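Below is one structure, written out as structure tokens; comments come after it.
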Ligand code: OOG
Ligand code: NI
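Numbering (the numbering used here), first residue to last: 43 to 507.
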């Protein structure tokens with residue numbers, strides 16, 4: 043009988059989730075259609091250059107999802123489901139610190155980590171876990187009610203987890219098991235039609251809309267599914283033209299003439315979705331909740347730690363100038379700051395060690411017997427080697443917080459006089475039962491492997507740099 047490999051399972055899962063989510067949230071389908079149109083136009087206008095950060099095949103299929111769970115146990119289980127798809131936890135994001143309003147979660151992203159797997163299908167899921175123990179948000183009484191509620195629910199049926207473990211161990215599943223796995227996995231992320239306990243939901247909502255979305259219901263659901271677009275400014279214009287209300291800004295780096303780095307994101311506003319509400323007397327009424335939105339993103343080059351520090355510093359400068367000049371558009375201020383401080387080309391980014399590149403031998407390198415130089419920038423300048431940007435596969439805590447916030451109806455409440463509970467990548471690794479990987483290490487390894495290969499092929503001894 044035929045078998046389905048992990049990457050095929052991942053691609054099929056992403057496609058089915060997309061189909062399911064499109065039925066639940068029709069505006070998502072519009073977003074995907076408009077993204078596709080924009081991508082086709084960019085490809086026509088820019089040719090091969092449009093594919094510098096991923097083939098059009100990859101970019102068209104590319105999605106990230108966002109889900110939210112309540113407990114370390116649930117996080118551990120969802121990690122097994124993602125491991126079945128060849129997706130590993132990468133990066134630690136503390137949104138409690140990144141957001142001004144109440145977003146009591148810590149997060150990681152599950153994604154493929156090797157270049158070939160990413161090229162086959164880069165599906166990633168931003169996964170947040172509630173922090174009921176954080177006294178800035180929850181007092182002792184609410185914490186224990188919340189923990190009890192969460193302990194009594196089951197997000198992932200045992201059959202799904204058993205199939206997941208098999209796929210992780212064997213790196214494939216027989217076709218009929220794969221089909222069953224996909225059905226159960228997609229169902230686990232559907233919006234439940236079970237009535238929501240109205241009083242309980244509202245108790246949590248007063249603290250944080252995110253807490254209510256996670257801990258106010260007995261199941262999880264996909265919060266958004268984000269397509270990738272090659273020109274996010276154009277997409278924003280076209281969505282607005284279609285009468286779809288977008289959030290105010292595009293998060294992340296500004297639009298400018300220089301290279302695209304990291305990640306730019308925006309979204310349409312959360313829509314009211316009908317949800318049945320159970321009242322204290324046991325009756326059920328029609329209600330509506332506004333929690334799911336439509337995000338879209340454009341990806342750029344991965345920055346090194348130094349590049350990222352520069353990015354964070356520039357964001358700080360933009361904040362400062364924006365507060366001094368409230369009448370000036372933030373995007374104009376940001377563009378000005380970037381034009382002054384961010385390298386205007388890929389070569390300069392590489393030479394200053396600010397971004398990651400993958401190097402390969404040029405087909406048209408000198409073949410007259412001349413000896414290659416031994417520094418990587420000279421090799422590139424003299425046409426021996428091509429530098430290809432490594433695409434940023436991760437997220438930005440501040441953008442994530444901005445997206446969360448711009449879609450929340452209320453600020454919620456937080457008591458900043460209390461000491462927050464400490465979380466870090468190590469603690470999250472413990473909960474997941476797998477190491478949360480460092481994204482910078484992954485990019486650096488990819489770059490270093492390509493440098494080692496080039497050195498070997500050119501017969502250069504020692505480390506190329
Ligand atoms: C996750 C928000 C973060 C992103 O793309 O930065 C995120 C959520 O809303 O659960 O998805
Ligand atoms: Ni997202």
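Each residue gets a CB set at the ideal place from its N, CA and C atoms; glycine is no exception. None of these values were measured; they are calculated from a predicted model.
Q) Given residue 191, which residues of its chain have a CB within under 7 Å of its CB, disregarding the five upstream and five downstream residues? A) 257
Q | Start and end residues, beta strand (DSSP E) containing residue 308 | A | 305 to 320
Q. Where does the unbroken alpha helix (DSSP H) through residue 213 begin, and where does it stop?
A. Premise fails: residue 213 is in no alpha helix (DSSP H) and is neither H nor E.
Q.
Using only CA atoms, which one of 241, 458, 360, 289 lies nearest to residue 323?
A. 241
Q: Within its chain, find whatever has a CB closer than 7 Å to the CB of residue 60; leave out the 5 residues flanking it on each side and keep chain order.
A: 105, 267
Q. Pick from 125, 214, 445: whose alpha carbon is nearest that of residue 47?
A. 214
Q | Sufficient close CB pairs (3 or more, under 8 Å) joining the region 202 to 211 to the region 108 to 126 | A | yes
Q.
For the beta strand (DSSP E) containing residue 399, name the first residue and the last one.
A. 399 to 403
Q. Taking 7 Å as the cut-off, does the CB of residue 307 come closer than this to any heavy atom belonging to the ligand OOG?
A. yes
Q) What separation, rounded to the nearest whole angstrom, lies between the Cα atoms of residue 236 and residue 229? A) 14 Å
(Q) Between 456, 466, 400, which has its C-alpha nearest residue 434's C-alpha? (A) 400
Q. What number of angstroms, rounded off, separates the C-alpha of residue 222 from the C-alpha of residue 75?
A. 29 Å
Q | residue 130 burial status per 10 Å Cβ neighbour count (16 or more: buried) | A | buried
Q. Is the region 275 to 290 in contact with the region 137 to 149, if contact means three or more CB pairs nearer than 8 Å?
A. no
(Q) Closer than 7 Å to a non-hydrogen atom of the ligand OOG - does that hold for the CB of residue 400? (A) no
Q. With burial defined as no fewer than 16 other Cβ atoms inside 10 Å of the residue's Cβ, what is the status of residue 307: buried or exposed?
A. buried
Q.
Taking 6 Å as the limit, name every residue whose beta carbon sits nearer than that to some heavy atom of the ligand NI, in sequence order.
A. 106, 108, 168, 266, 268, 337
Q: Could you check the C-alpha separation between residue 142 and residue 448 for me, to the nearest Å?
A: 11 Å
Q: Answer with buried or exposed for residue 409, where buried requires no fewer than 16 other C-beta atoms within 10 angstroms of its C-beta.
A: exposed
**Q.** DSSP three-state assignment for residue 112, whether helix, strand or coil
**A.** coil
Q | C-alpha gap between residue 381 and residue 198, whole angstroms | A | 49 Å
Q. What whole-angstrom Cβ distance do residue 300 and residue 431 have, given they're in contact under 8 Å?
A. The Cβ separation is near 13 Å, so there is no contact.
Q) For the beta strand (DSSP E) that residue 150 lies in, which residues bound it at each end? A) 147 to 153
**Q.** residue 193 (DSSP reduced to helix, strand or coil)
**A.** helix
Q. First and last residue of the beta strand (DSSP E) that includes residue 180?
A. No beta strand (DSSP E) contains residue 180, which DSSP labels as neither H nor E.
(Q) Am I right that residue 541 and residue 269 are in contact with their C-beta atoms under 8 Å? What's the rounded C-beta distance? (A) Because residue 541 is not part of the residues shown, which for the chain are 43 to 507, the question remains open.
Q) What residues are listed by DSSP as bridge partners for residue 288? A) 310
Q: State yes or no: is the C-beta of residue 263 within less than 8 Å of the C-beta of residue 233?
A: yes
Q. Rounded to whole angstroms, how far is the Cβ of residue 397 from the Cβ of residue 345, which I believe are closer than 8 Å?
A. 5 Å
Q) Opposite residue 131 in the DSSP bridges: which residues? A) 152
Q.
Please state whether the Cβ-Cβ distance between residue 160 and residue 174 is less than 8 Å.
A. no
(Q) Any heavy atom of the ligand OOG closer than 7 Å to the beta-carbon of residue 155? (A) no
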